[in-house]
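Peer 1:
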């Protein structure tokens with residue numbers, strides 16, 4: 002069965018720390034995505050990647066960067082965590098063809114103190 | 044700018060009735076639309092895809108319609124059950140891109156009472 006695994010379900014970090022969120026998929030998907038989900042705002046795209054070492058900014062990339070060194074792994078990096086980055090972070094993957102469904106992990110609830 | 048609207052108020056219905064959820068969009072011409080289900084503490088799970096040249100799609104108790112003139116999709120769950128209680132998200136996509144990038148609505152929470 003299709004599986005997207007996020008490294009942590011819950012994470013607590015301090016303001017100014019560099020934070021790494023990891024995502025691994027076992028479906029050989031080309032596309033991978035990072036979203037944040039906040040009440041009333043829905044899912045907002047931070048970054049996505051359509052191939053190894055390829056990335057594109059989403060709607061809210063400020064304060065974040067990403068890394069995709071291997072096809073199955075997509076990392077989200079908070080360069081210097083701030084309290085307004087407290088949120089639920091969701092990773093997803095999909096096949097190349099545009100209308101393919103996205104497969105999501107169960108999310109990382111990140112709190113920045 | 045592109046905007047997707049789903050009813051932000053929770054929808055409460057009685058078991059056995061049909062639930063109808065609405066997804067409206069503006070400033071966008073999607074090639075397809077997807078619906079997802081999200082349970083508390085879990086990631087969204089894909090349910091149905093409908094393309095711009097399709098009026099209706101069905102899957103078991105689920106039915107989706109897509110009206111590109113009204114810029115609206117309706118999502119129906121017939122003979123609803125308490126297990127259908129969840130948040131339902133609509134998402135729009137453009138065929139012009141191979142990135143599979145989607146724009147998500149904020150979701151509507153459905154509560155089915157026994």
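Protein chains in written order, with the working numbering: chain A, 2 to 114; chain B, 44 to 157.
Glycine included, every Cβ here is placed at the ideal spot set by N, Cα and C.
Determine which residues share a DSSP beta bridge with residue 149 (chain B) and list them.
Peer 2: Per DSSP, none; premise fails for residue 149 (chain B).
Peer 1: Look at the Cβ atom of residue 85 (chain B), then the Cβ atom of residue 109 (chain B), and state whether they are nearer than 9 angstroms.
Peer 2: Cβ atoms of residue 85 (chain B) and residue 109 (chain B): not closer than 9 angstroms.
Peer 1: Please confirm whether residue 7 (chain A) and residue 23 (chain A) have their CB atoms less than 9 angstroms apart.
Peer 2: Yes. Within cutoff.
Peer 1: By DSSP, does residue 124 (chain B) sit in helix, in strand, or in coil?
Peer 2: Correct three-state label for residue 124 (chain B): coil.
Peer 1: Work out the CA separation of residue 111 (chain A) and residue 104 (chain B) for me, nearest whole Å.
Peer 2: Rounded to the nearest angstrom, the two C-alpha atoms are 36 angstroms apart.
Peer 1: Would residue 45 (chain A) count as contacting chain B if we go by Cβ distances under 9 angstroms?
Peer 2: By this cut-off, residue 45 (chain A) is an interface position.
Peer 1: State the DSSP-derived secondary structure class of residue 85 (chain A), mapped to helix, strand or coil.
Peer 2: Helix, per DSSP.
Peer 1: Just checking: is the beta-carbon of residue 88 (chain B) within a distance shorter than 9 angstroms of some beta-carbon in chain A?
Peer 2: Yes, its Cβ sits closer than 9 angstroms to a Cβ of chain A.
Peer 1: Just to confirm before moving on: does the CB-CB distance between residue 91 (chain B) and residue 77 (chain B) stay below 9 angstroms?
Peer 2: Closer than 9 angstroms, so yes.
Peer 1: At a CB-CB cut-off below 7 angstroms, which residues of chain B make contact with residue 95 (chain A)?
Peer 2: Under the 7 angstroms cutoff, chain B gives 143.
Peer 1: Quick test of your reading: residue 48 (chain A) and residue 67 (chain A), contact by CB under 8 angstroms. State the CB separation rounded to the nearest angstrom.
Peer 2: Residue 48 (chain A) to residue 67 (chain A), Cβ: 4 angstroms. Contact.
Peer 1: What does DSSP give as the partner residue(s) for residue 25 (chain A) in the beta ladder?
Peer 2: BP columns for residue 25 (chain A) point to A:6 and A:74.
Peer 1: For a minimum of 4 consecutive residues, which ranges assigned as the alpha helix (DSSP H) are wholly contained in the stretch 46 to 103 of chain B?
Peer 2: Counting whole runs of 4 or more residues, the stretch 46 to 103 of chain B contains no alpha helix (DSSP H) stretch at all.
Peer 1: By alpha-carbon positions, which one of B:134, B:157 and B:156 ends up nearest to residue 149 (chain B)?
Peer 2: Selected option, being the one with the closest Cα: B:134.
Peer 1: Check distances from the C-beta atoms of the stretch 81 to 105 of chain B to those of chain A and list, in chain order, the residues that come in under 8 angstroms.
Peer 2: Answer in chain order: 84, 85, 86, 87, 88, 89, 92 and 94.
Peer 1: Buried or exposed for residue 122 (chain B), going by 16 or more other Cβ atoms inside 10 Å?
Peer 2: So residue 122 (chain B) ends up on the exposed side.
Peer 1: Please state whether DSSP places residue 100 (chain A) in a helix, a strand or coil.
Peer 2: Residue 100 (chain A) falls in the coil class under three-state DSSP.
Peer 1: Would you kindly check if the distance between the Cβ of residue 90 (chain A) and the Cβ of residue 108 (chain A) is under 9 angstroms?
Peer 2: Their beta carbons are under 9 angstroms apart, which means residue 108 (chain A) touches residue 90 (chain A) by this criterion.
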